[in-house]
Amino acid sequence: MKKKVYLCYFVLIFLTLSFILVSANINIGKLPNEKYFLGDEIDFNVDVRLDSAQQVIFDSHLSCPNISTSYYRVLLNLKSNERKIIAMPSIFVDERFLGVCRFKFTIEDLKENIIEKTYLDPLNITNVFLLDFSVDREVYSPGGIVIIKLNLDYEREYNLNILLKDDNLTFNLIEETIYQNFYSGSIDLESDISRGKKSIVVRVTDKYGNKAEGIEEIEILQVPSFLEFNLLNEEVKPRDRLSFEAYLFDQSREKIYSNLTFRITNPQDKVIVSFQNYSGDSIFYDVPEYSIPGEYIVSVIFDDFEEMGKFVILKVREILVTVDNETIAVDNIGNIRYIDSIAVNATSSDGIVYVVPYEVDLRPGESGKIMVSDDLPLGVYTIDVPNGNDTFVFQYINEDDNRGFIKKISQGVSKITGSSIIDTESVSNFYLLGFLFVFLGFIMVFLVMRRFKGRVMGVIDDTVKVQGKKIGGLRTSLSKNKIERNKLREIFGRYVDSNVLKDQKVGVHKKDISVLFTDIRGFAKLFDTKDSSEVTDVLNMYFRKSNEIVKLHSGFINKFIGDSVMALFNAPSDDPEHIMKSIKSGLAIKREIGILNVRLKKKGMKPIEVGVGIDSGFCSVGSIGSKEKLEYTAIGVPVNTAFRLQGMSDGKVLITDRVYEKVKEKVDVELVGKFNLKNITVPVNVYSVVGVK
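In terms of the working numbering, the sequence shown opens at residue 15 and continues consecutively.
Written out as C-alpha cells, the structure is:
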C-alpha cells in the first residue's frame, strides 16, 4: 500500500517538474518600423521555439489609445526545439490606430497559462508628415518672385496647396499633385499686394488623411505706385485762392504720407512758383494780383511720377478810383491793359454837369491821375467815374481853379446860354464869343462913323430920306424872315442832326457805315408798373445820355423807336474810325446805364439793362420817303443785323464776325455762338465785347 502511495507522489512530482521545466522563446524576425502613417501596413514575422514538444497557443495583442485587440491567435503543435516562423497578418493603419501603440506576444498552454511573453518597442502611428520648407529670402517687393523648396520624409502621392495669408485674407497660390517627397517651385506676387508681414503656408495631404504644414514669414515692401491730383477750382481771378490736393499711393492704393514737389507753370511755359508739401494736405495758392490771364498748369512730382492739372486765370478789366486831396487817382487793378475813353461827370451844387473826358491807357499795376482842378471852377462837386457796369461816386471840393483863360470863357458862355451839361474840352463857345465881340466892334465903328458923317451928309440924308424909309422897311422884312428861318432851323434841328442839314449830297448813295441799336430790357414791364411820367423821365435820361455819348464819338442818333435807339457812324460825315467809335459808344452807354441805375435806386425804382447790337458794312444812305415826308436814314443788311443782335443781347454789347475781323487787334471779345438771324441768308458768328485793349 505504501508503495502505491509513493508511486503516485512520484508521478505527480514528475509531472509538475515537467511542466515547470517546459520553456519557450519568442523572437521578432522582421522588425516593424518605429513610425507609421495612415494607409501604411504593419507587416512583420515572429519566430517561436519550444524546448520540448508541446501543443501551445500563440497570441498577439495590439494596444493603442483608441483600440485594444487580440488581432491574431493560433494553436501551434511544436516539437522539441522546433522553430516556427509566424508571418503576422498585415495590419492596415487607419485613424483608430493613431497614437503610441504596443504589441504583446504570449505563448500559452491549452489551459491558457502563459509560458512566455514579450513586448515590442512602442510604435508611433501618426497622420502628420515631417515637412522641411523654406523660401529664398525674407523681404520682397510687390510683383516679386518667391522661390519655394520643400522636402517630406515619406515618398508617395501628395496634394500640394500653397497659400498666402494676410491679416484678414487668404489667397490660394498653388494647388497641384506631386509624386515625390520633394518640391521646388516659385510663386509670383501680385503687383498690388499690400505692404507688411505675410505668411506663406504650405499644406500637403494624401488620400489617406495624412498631412503636413509649414509656414514661412515674409515682408512686403511699401512701394510708391501712383499719384492722384485734385484741383478744387478750375477758374480763378487775381487775388483769389486756388485750392488743390495731391495724394501718393502705394501698390495697394494705401496712402503714403510723403513730401511732394509742386510746380505752377504760366501760359508762357515758365515756372512761376515751386514748393514742397506733404501728400494728403490741403494746399492753397494765392493768385498774385497782376497774374497774366490764360491757362496755367499745376504739376505734382514724386521721383519718376508726375500728375498735372489745369486752371484758368480769367481776364479782369477793372480800375480803382481814389481821391487824394485834389487829385483823382486811377489804378489798373486788373490783369490786362485797360484802354478806354471815359467821361468823368462832375455835378456842381447848382446842378450843372461838367463832362471831363479822360483817356485811360494803363497796364496792370499802373496808375494815372485825373486833374479835375484844371477843368472845374471852385466849388463842391459830386464826381461820377464809370468803371464797366459800376460807377465810383464821391464828393470833391475844388479849392484851386486852374482853368485856362479860354476854358473859363468857354464855360462861362455855356452858363450864360443856360446849358446844364458842359463839355470841358469844348472851346466852341469861346470862338462864338470871339465872333460876337468882333461883330459888336464892327457895329460900334459903324455907329461912330455914322455920327461924324451925319453933319456932312445931312443934305444927302434929306435927299435919300424917302428912299431910306423904303430900304428900312425892306431891312425889317428881311430881318423878320431871318429870325423865322433861324427859329425853323432850331426847331427842325431837334429832329434832324446838324450834320445832316449841312450835307450837300442829294438823294441816296452807297456808303460803308456802322450801325448801333440799343434797347431797354424789360421796358414793357417797367411801363406797366410805374407811372407814365416816371417812365418818361427814365427814357429822357436814357436818350439824353445816349445822344451825348454817340455825339462824343462822332456819330448821330438817327431815330428813337419806342425804347430803342438807332445810331449811325460815318454818315453823313466821314470818319475812318467809325467801327471802333461805334463799339466804344456801346460800351459807354453800358457804363452810363450803371450811373443811371444808381439814380433810379435812389428814387426807389428797379435798375434797367440795355442790350446793344453793332454791325458794319455798305448801306444805302440818304433822304428816303415820299414828297410829303422825307427821312434821312440808312437801309441795308448791316441795319437789319444790328437790330437782330440788340434783340438777342442779354445786357451785352454784341458784334458780328464782320466787325470783329476789322478790329480784333483792338478789342477783347468772347464768342457767343453761330446763329441764324431773321431775314439774314447766312449764319452769323456773334461775339460779346468785353473791353477795349
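For each residue, glycine too, the CB sits at the ideal point set by N, CA and C. Predicted model, so just to flag it, every value in this text is computed and none were measured.
If you check the CB distance, Tyr372 and Val394 do not come in under 8 Å. Under the three-state reduction of DSSP, Gln236 is assigned to coil, being neither helix nor strand.
Rounded to whole angstroms, the gap between the alpha carbons of Glu55 and Leu92 is 29 Å.
C-alpha of Ile161 to C-alpha of Glu169: approximately 22 Å in a straight line. Within the same chain, Pro307, Lys329, Val330, Arg331, Pro378, Asp682, Gly705, Lys707 come within 8 Å of Ile350 by CB-CB distance, once the 5 residues on both sides are set aside. The three-state secondary structure of Ala581, taken from DSSP, is strand. Comparing C-alpha distances from Arg116 to each of Val142, His75, Ile129, Leu124 shows the shortest one belongs to His75.
Counting only residues of its own chain and dropping the five nearest sequence neighbours on each side, Pro400 has a CB closer than 6 Å to the CB of Ile356, Arg605.
Lys324 sits in a strand when the DSSP states are folded into three classes. Boundaries of the beta strand (DSSP E) harbouring Ile534: 522-535, taken from the DSSP string. Pro590 is classed as exposed because its beta carbon has fewer than 16 other beta carbons within 10 Å across all chains shown. Only residues of its own chain outside the window of five on either side were considered, and among them Thr120, Ile121, Glu122 have a CB closer than 8 Å to the CB of Ile128, listed in chain order.
By the Cβ test, the segment 251-266 is not in contact with the segment 222-232, since fewer than three Cβ pairs between them sit closer than 8 Å. Under the three-state reduction of DSSP, Tyr271 is assigned to coil, being neither helix nor strand. The beta carbon of Ile353 sits closer than 7 Å to the beta carbons of Val374, Asp375, Val706, Lys707 from its chain, once the five residues preceding and following it are set aside; these are given in chain order. Here DSSP, grouped into helix, strand and coil, assigns Ile139 to strand. Bounds of the alpha helix (DSSP H) holding Gly600 are 592-616.
Of the other Cβ atoms in all chains shown, fewer than 16 fall within 10 Å of the Cβ of Phe196; this residue is therefore exposed. Across the structure, Ile207 and Glu152 are spaced so that their CA atoms are roughly 16 Å apart. In summary, Gly569 is buried, with 16 or more beta-carbon neighbours lying within 10 Å of its beta-carbon over all protein chains present.
Residues Ser634, Val635, Gly636 of the same chain have their beta carbon placed closer than 8 Å to that of His523, with the five preceding and five following residues left out of the count. Note that the segment 308-322 does not touch the segment 650-667; fewer than 3 beta-carbon pairs, one per stretch, sit closer than 8 Å. Leaving aside the five residues that flank Glu227 on each side, the residues in its chain whose CB is nearer than 6 Å to its CB run, in chain order, Arg217. Apart from sequence neighbours up to five positions away, the residues of its chain that approach Arg63 with a beta-carbon distance below 6 Å are Asn39, Arg97, ordered along the chain. Using a Cβ distance threshold of 8 Å, Gln236 and Arg253 do not count as a contacting pair. Here DSSP, grouped into helix, strand and coil, assigns Lys212 to strand.
Remark: C-beta atoms of Tyr292 and Asp220 do not approach each other more closely than 8 Å. It is roughly 40 Å from the alpha-carbon of Thr655 to the alpha-carbon of Lys383. Partner residues in the beta bridge of Thr670, as assigned by DSSP, are Val700. Around the Cβ of Gly618, a 10 Å sphere holds fewer than 16 other Cβ atoms; the residue is exposed. Annotation for Pro79: Gly113 place their beta carbon closer than 6 Å to its own, counting only its chain and skipping 5 residues before and after. Counting other Cβ atoms within 10 Å of its Cβ, Arg87 stays below 16 and is therefore classed as exposed. The three-state reading of DSSP puts Gly308 in strand, counting E and B together. Tyr304 places its beta carbon 8 Å or farther from that of Lys324. When beta bridges are read from the DSSP output, Glu122 appears opposite Ile71, Ile128.
Val335 is not a Cβ neighbour of Ile327, given a cutoff of 8 Å.
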